[in-house]
Amino acid sequence: MQEQFLTGIQLVCTSLQAGYAVENAFGEALKELKKIYSEESFIVSEFTYLTVQTGLNRSIESLLEDLGERSRVEDIRNFAEVFYTAKRTGGDLMAIMRNTISSIQQRQETRMEIETTLAGKMMEQNMMSAIPMLILGYVSLTSPEFLEVMYTSPAGKIVMAVCLAIYGAACLWGRKIMTIEV
1 MQEQFLTGIQ LVCTSLQAGY AVENAFGEAL KELKKIYSEE SFIVSEFTYL TVQTGLNRSI
61 ESLLEDLGER SRVEDIRNFA EVFYTAKRTG GDLMAIMRNT ISSIQQRQET RMEIETTLAG
121 KMMEQNMMSA IPMLILGYVS LTSPEFLEVM YTSPAGKIVM AVCLAIYGAA CLWGRKIMTI
181 EV
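The sequence shown begins at 1 in full-length UniProt numbering and counts up one residue at a time.
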């Protein structure tokens, strides 16, 4: 959704640079978005709605704010606020949009880097969780008498129960750490 929105506002910015008025720039961006995405995609349906509503004399600023609220995406809300301020104060809309696009792109790149790093760490955590079981399996296959003491004597049972509890807690803790919201 965020990637589609970024593509949409980049196309709007390009249309503005080509000399279109803001409302018409969204219509031109919609034409290009239909070539990129399907009619059922989030961005095409939203830009269609924006274009229809601007034809009914609703302000593009209020429509973008509505889009931000409906989508519940922080980047869309932020863009709507910046767009509203720039349009109402008469700032250099294209420069402001380019800066906003750049900051959204940087946030998305950072988010992707974090997700990639987390995926690698999750794989490491899964492997580290499996290693104790693999070692126990290997030792029980190669020299079962070595582990016999751990499972038959009372002291061995206590030690193994404590180890199992620590292992379980470590696995749960690792999973909790890996469920970080990006």
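The beta carbon of each residue, even a glycine, is placed where N, CA and C say it ideally should be.
query	result
Cα-Cα separation between Q4 and I101, rounded to whole angstroms	12 Å
C-alpha distance - Q10 paired with R70, whole-angstrom precision	21 Å
Secondary structure of E40, DSSP reduced to three states	coil
Boundaries (first-last residue) of the alpha helix (DSSP H) holding G120	93-142
Segment contact flag, the stretch 29-41 with the stretch 131-150, C-beta cutoff 8 Å, min 3 pairs	no
Three-state class that DSSP yields for residue 183 in the structure shown	Because residue 183 is not part of the residues shown, which for the chain are 1 to 182, the question remains open.
Helix, strand or coil at V73 [DSSP, three-state]	coil
Within 7 Å, strictly: CB atoms of V22 and I60	yes
C-beta contact flag for A86 and L64 at 7 Å	no
Whole-Å CB distance - V73 paired with M1, under 8 Å assumed	6 Å
Endpoints, alpha helix (DSSP H) assigned at L11	2-17
M160 versus A170, L147, L172, C171, residue with shortest Cα-Cα distance	L147
Rounded separation between C13 and R98 - CA only	7 Å
Residues near V149 in its chain [Cβ-Cβ closer than 6 Å; skip 5 each side]	G156
DSSP state of A21 mapped onto helix, strand, coil	coil
Whole-angstrom C-beta distance between E40 and L67, which should lie under 8 Å	With a Cβ gap of about 17 Å, L67 and E40 do not count as contacting.
For L33, the three-state DSSP class (helix, strand or coil)	helix
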